[in-house]
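**Student:** Chains as they are written, first to last, in the numbering used here: chain A, 1 to 269; chain B, 1001 to 1567.
The following block contains the structure, expressed as structure tokens.
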């Protein structure tokens, strides 16, 4: 699929999903409804769609190529199949997804994998804010599945997260894991600070630099390594517990080597 | 345009018509004896039910509180979006829909008259602005007067006449319709961080008890000759063991009743009908309450039925909403409205498998089924506290079909099912009784002369539902009942067809009714009270009296009802 023109207003296209495409002919797919701003259009008005192989049984793979940055809610609630994006993709990609796989060869905008319950999202570029976070106002955080980002990410990664794994190879901005309840977030790069504010459970592992730890976290011990998904990430790491102002028992692992300014915590051990 | 509705099964309880095949004629927005068939638009209603337009006696649809609820719940809106059409405006919201959507959705169900309870007087302008933007339906609103400082002071000093004059001024000033009392005394006590524990627990500083407030305002209501009774949200709402308080509340004004006249309405009674002394042993008090109501004729109730769904609770009962926040751990709003009242909002999910929620679901239906006279209990969910109003068709099917109730009973918490009275109740409502609990009864309780019936001279607010009472057996085919009541075949408002086959075809504006008082020698609120209040506004309120009083021209379609107080 490619866009026919450059979109100026957001396009809501939750119908771009392997579950919905599966078993449909090209004509049926072109007739699916999307919202472009406040106009109800059909998919064929906005996108060129070509089908490589028309057969029922095999897993549906959707290729999106071009600038999709204004296209939101792609792959929402999908349970199976695969979406590959060559280019940038808009907000709410894979929102509420339960299974299947999404690969983005480019940038993914905010609310990537919001409230997802299963499946796997891989972003080769960077990503926006609120990764895995629920819709505004909702408490329904990410419950399962995996999000992997090879670039950087924005603020509030894994907000209200309740399960699953988020792995970021680049660096992140403030409030990673805010209000998280369970699950694991691994940051291989640096963190801008305020990690784990309001967290009640789960783990955040920061392998890079962090300017400071919130005062509502207390140091527990120093760990040589952390196990994530069967893989051993070697440290050593300072292990903090918090957020105590929320009676939280979340664990925050911070690399000792990259954060010599945190060595004063050692005297409280 | 003249209208002729032919061959429908007419259910018009106020005129005693029970499913007779009749023609209804409409001319200039009013029901008349006869119209010329050749010049009239004829609706063939054969095989359909014709009822007066629905009336909802208690539904939070407008005002500061509802709007804060909207702000609090973006996640409620994203799930339920109504796009605009050439005729209707767009809107969002499942449990707290936007104003236009509220009007359209009610009209689609055949409702044409809504009562917005709990308007803090200070927020009256906001409320009326939103009511003006609620299309199609007629509206009234009740100002909250149970914890207003002046009321508390006058009742403490036993100055009923002065109190009546102030209440009358407030009703004119806010363009209200009835006296709403929420947790009398409790809201002011909440200002001191507490709550009243019984009818005789005095309010700090004012030293007046809930019993005195209810009785005092009941006397004021009688004195002012208001068409509706006092509209009471009881003390200790939502607490186990509160059914005693509810019965005491009804009983404390019994001696003020003359003849068979109604004098008190207990609203969303389900929330006030809990037995037991903790959540673990909480059970239904519907049995005792219905026994009391069956034996007395001065009281009416509405159900406040709970629906198993994700909704938003909002009441003026600040202390109760704080408790609810404690129970749910959810986000919340609590607000103190200067000298008038408090309020609170908490999103809440009622779950089938939760013992307390399942018991509450059963209590609402038990009340409706155990109270023998349908003129005494009306169908509400206390929208959105028990669930959104769009679920009314479900409640209608539960009332009409034991089978429908059993379907739900099978799925609820096992302990709740074992303890509920509901499985032992065989009663099933008829269409005639449904017409009473959804329109005629409400019209009677509200003292509306031209609403809720189809007699000659009544306003032509009519709902036609596509269901044939001779062919469909509601107790077995309850899904057909649900379908019919959720999409009216026709809704007619003021003689105009506004809904056809469940779709809006015309978006006219309804009226806002309010009470005006004819000045008498003893009671002249506008001249006597205003001068005195003006001084006190400086001390007590953050606004000036000039900005407080709502002039009639402020309402888009004002319709005043003038009452002569009988001091």
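We treat Cβ as the ideally placed atom computed from N, Cα and C, and that holds for glycine.
Answer with yes or no whether the minimum CB distance from residue 136 of chain A to chain B is below 8 Å.
**Tutor:** For the purposes of this step, residue 136 of chain A is taken as the residue at position 136 of the first chain. It does; some Cβ of chain B falls within 8 Å.
**Student:** My assumption, with CB atoms under 8 Å, is that residue 195 of chain A sits in contact with residue 154 of chain A. Please give the rounded CB distance.
**Tutor:** Position 195 of the first chain, counting from 1, holds the residue named residue 195 of chain A. Position 154 of the first chain, counting from 1, holds the residue named residue 154 of chain A. That pair is no contact at about 14 Å.
**Student:** Please classify residue 1366 of chain B as buried or exposed, where buried requires at least 16 neighbouring CB atoms within 10 angstroms.
**Tutor:** Position 366 of the second chain, counted from the start, is the residue given in the question as residue 1366 of chain B. Residue 1366 of chain B is buried by the Cβ-count criterion.
**Student:** Would you say residue 948 of chain B reaches chain A, if we count a Cβ-Cβ gap shorter than 8 Å as a contact?
**Tutor:** Since the displayed chain B opens at 1001 and closes at 1567, residue 948 of chain B lies outside it and no answer follows.
**Student:** If we cut at 8 Å on Cβ distances, does residue 40 of chain A have a partner in chain B?
**Tutor:** Indexing the first chain from 1 puts residue 40 of chain A at position 40. Taking Cβ atoms only, chain B reaches closer than 8 Å to residue 40 of chain A, which makes this a yes.
**Student:** Beta-carbon within less than 8 Å of residue 1401 of chain B's beta-carbon, same chain only, minus the 5 sequence neighbours each way: which residues are those?
**Tutor:** By one-based count along the second chain, residue 1401 of chain B stands at place 401. Closer than 8 Å at the Cβ level, and outside the excluded window around residue 1401 of chain B, lie 1428, 1474, 1475, 1476, 1478 and 1481.
**Student:** Got a sec, what are the start and stop residues for the beta strand (DSSP E) residue 1052 of chain B sits in?
**Tutor:** Counting from 1 along the second chain, the entry for residue 1052 of chain B is found at position 52. Per DSSP, residue 1052 of chain B belongs to the beta strand (DSSP E) from 1049-1052.
**Student:** Work out the CA separation of residue 78 of chain A and residue 270 of chain A for me, nearest whole Å.
**Tutor:** With chain A covering 1 to 269 only, the question about residue 270 of chain A has no answer from this structure.
**Student:** Across which residues does DSSP place residue 1334 of chain B in a beta bridge pair?
**Tutor:** The sequence position of residue 1334 of chain B within the second chain is 334, counting from 1. B:1344.
**Student:** Between residue 1121 of chain B and chain A, is the shortest Cβ-Cβ distance under 8 Å, so that the two count as touching?
**Tutor:** Here residue 1121 of chain B refers to the residue found at position 121 when the second chain is read from its first residue. No, residue 1121 of chain B lies away from the interface with chain A (no Cβ there is under 8 Å from its Cβ).
**Student:** Please tell me whether residue 1078 of chain B has its Cβ less than 8 Å away from any Cβ of chain A.
**Tutor:** Along the second chain, one-based indexing puts residue 1078 of chain B at 78. Yes, because at least one Cβ of chain A sits closer than 8 Å to the Cβ of residue 1078 of chain B.
**Student:** In three-state terms, what does DSSP make of residue 1231 of chain B?
**Tutor:** In the second chain, the residue the question calls residue 1231 of chain B occupies position 231. The answer is strand: DSSP assigns residue 1231 of chain B an E or B state.
**Student:** Which residue marks the beginning of the beta strand (DSSP E) containing residue 1077 of chain B, and which one marks its end?
**Tutor:** For this step, residue 1077 of chain B is matched to residue 77 along the second chain. Unbroken run through residue 1077 of chain B is the alpha helix (DSSP H), 1074-1078; no beta strand (DSSP E).
**Student:** Going along chain A, which residues have a C-beta under 7 Å from residue 1097 of chain B?
**Tutor:** Translated into positions along the second chain, residue 1097 of chain B becomes position 97. By Cβ distance, chain A contributes nothing, its closest Cβ being about 16 Å from residue 1097 of chain B, past 7 Å.
**Student:** Quick one, are the C-beta atoms of residue 98 of chain A and residue 81 of chain A less than 8 Å apart?
**Tutor:** On the first chain, position 98 is the one that residue 98 of chain A refers to. On the first chain, position 81 is the one that residue 81 of chain A refers to. Their beta carbons are not under 8 Å apart, which means residue 98 of chain A does not touch residue 81 of chain A by this criterion.
**Student:** I need the DSSP call for residue 1399 of chain B, collapsed to helix, strand or coil.
**Tutor:** Start at 1 with the first residue of the second chain, and residue 1399 of chain B comes out as number 399. Helix, per DSSP.
**Student:** Just curious, the alpha helix (DSSP H) that residue 1168 of chain B is in, first and last residue?
**Tutor:** As a working note, residue 1168 of chain B is residue 168 in the second chain. Residues 1160-1174.
**Student:** Going by beta carbon distance, what residues of the same chain come within less than 7 Å of residue 1013 of chain B, once the five residues before and after it are set aside?
**Tutor:** Numbered from 1 along the second chain, position 13 holds the residue referred to as residue 1013 of chain B. Answer for residue 1013 of chain B: 1432, 1435, 1436 and 1440, listed in chain order.
**Student:** By DSSP, does residue 257 of chain A sit in helix, in strand, or in coil?
**Tutor:** Here residue 257 of chain A refers to the residue found at position 257 of the first chain. In the structure shown, residue 257 of chain A sits in coil (DSSP, three-state: anything other than H, G, I, E or B).
**Student:** Return the CA-CA distance between residue 1415 of chain B and residue 1098 of chain B, expressed in angstroms with no decimal places.
**Tutor:** One-based indexing of the second chain puts residue 1415 of chain B at position 415. One-based indexing of the second chain puts residue 1098 of chain B at position 98. Looking at the two C-alpha atoms, the distance is approximately 38 Å.
**Student:** For residue 1283 of chain B, which residues of its own chain have a beta-carbon under 6 Å away from its beta-carbon, when the five flanking residues on both sides are left out?
**Tutor:** For the purposes of this step, residue 1283 of chain B is taken as the residue at position 283 of the second chain. Here the set comprises 1275, 1276 and 1419.
**Student:** Using a cut-off of 9 Å between C-beta atoms, extract the partners of residue 1083 of chain B located in chain A.
**Tutor:** Counting from one through the second chain, the residue named residue 1083 of chain B turns up at place 83. Simply 35, 38 and 40.
**Student:** Less than 8 Å between the C-beta atoms of residue 166 of chain A and residue 132 of chain A, yes or no?
**Tutor:** The residue you call residue 166 of chain A lines up with position 166 of the first chain. The residue you call residue 132 of chain A lines up with position 132 of the first chain. It is a contact, given that the beta carbons lie within the stated cut-off.
**Student:** Let me check understanding here. Comparing Cα to Cα, which of B:1116, B:1089 and B:1096 lies closest to residue 1104 of chain B?
**Tutor:** Within the second chain, numbered from 1, the residue matching residue 1104 of chain B stands at position 104. Taking only the C-alpha atoms, the option nearest residue 1104 of chain B is B:1089.
**Student:** How many Å lie between residue 1134 of chain B and residue 229 of chain A at the Cα?
**Tutor:** In the second chain, the residue the question calls residue 1134 of chain B occupies position 134. In the first chain, the residue the question calls residue 229 of chain A occupies position 229. When rounded, the distance between both Cα atoms is 54 Å.
**Student:** Going by CA-CA distance only, name the one from B:1034, B:1027 and B:1444 that's closest to residue 1265 of chain B.
**Tutor:** Indexing the second chain from 1 puts residue 1265 of chain B at position 265. The residue with the shortest Cα to Cα distance from residue 1265 of chain B is B:1444.
**Student:** Please classify residue 264 of chain A as buried or exposed, where buried requires at least 16 other C-beta atoms within 10 Å of its C-beta.
**Tutor:** One-based indexing of the first chain puts residue 264 of chain A at position 264. Exposed is the call here.
**Student:** Could you pull the DSSP bridge partners for residue 129 of chain A from this structure?
**Tutor:** Within the first chain, the letter at position 129 stands for residue 129 of chain A. Residue 129 of chain A pairs with nothing; no bridge assigned.
**Student:** Skipping 5 residues on each side, what residues in its chain have a beta carbon closer than 6 Å to that of residue 1560 of chain B?
**Tutor:** By one-based count along the second chain, residue 1560 of chain B stands at place 560. 1514 and 1516, listed in sequence order.
**Student:** What are the start and end residues of each continuous beta strand (DSSP E) run of 3 or more residues lying completely inside the region 1077-1124 of chain B, in chain order?
**Tutor:** The region 1077-1124 of chain B contains these whole beta strand (DSSP E) runs: 1111-1119.
**Student:** By the three-class DSSP mapping on this structure, what secondary structure does residue 1126 of chain B have?
**Tutor:** As a first step, residue 1126 of chain B is located in the second chain; it is residue number 126 there, counting from the start. Helix.
**Student:** Inspect the beta-carbon positions of residue 17 of chain A and residue 76 of chain A and report whether they are closer than 8 Å.
**Tutor:** By one-based count along the first chain, residue 17 of chain A stands at place 17. By one-based count along the first chain, residue 76 of chain A stands at place 76. Cβ distance < 8 Å, so residue 17 of chain A and residue 76 of chain A count as in contact.
**Student:** In its own chain, which residues sit with a C-beta less than 7 Å from the C-beta of residue 1528 of chain B, not counting the 5 before and 5 after it?
**Tutor:** The residue given as residue 1528 of chain B occupies position 528 in the second chain. Answer for residue 1528 of chain B: 1165, listed in chain order.
**Student:** Starting from residue 1186 of chain B, follow the alpha helix (DSSP H) in both directions and report where the run begins and ends.
**Tutor:** For the purposes of this step, residue 1186 of chain B is taken as the residue at position 186 of the second chain. Looking at the DSSP string, the run of the alpha helix (DSSP H) that includes residue 1186 of chain B is 1186-1190.
**Student:** Would you kindly check if the distance between the Cβ of residue 1456 of chain B and the Cβ of residue 1021 of chain B is under 8 Å?
**Tutor:** As a working note, residue 1021 of chain B is residue 21 in the second chain. As a working note, residue 1456 of chain B is residue 456 in the second chain. The answer is no: Cβ separation not under 8 Å.
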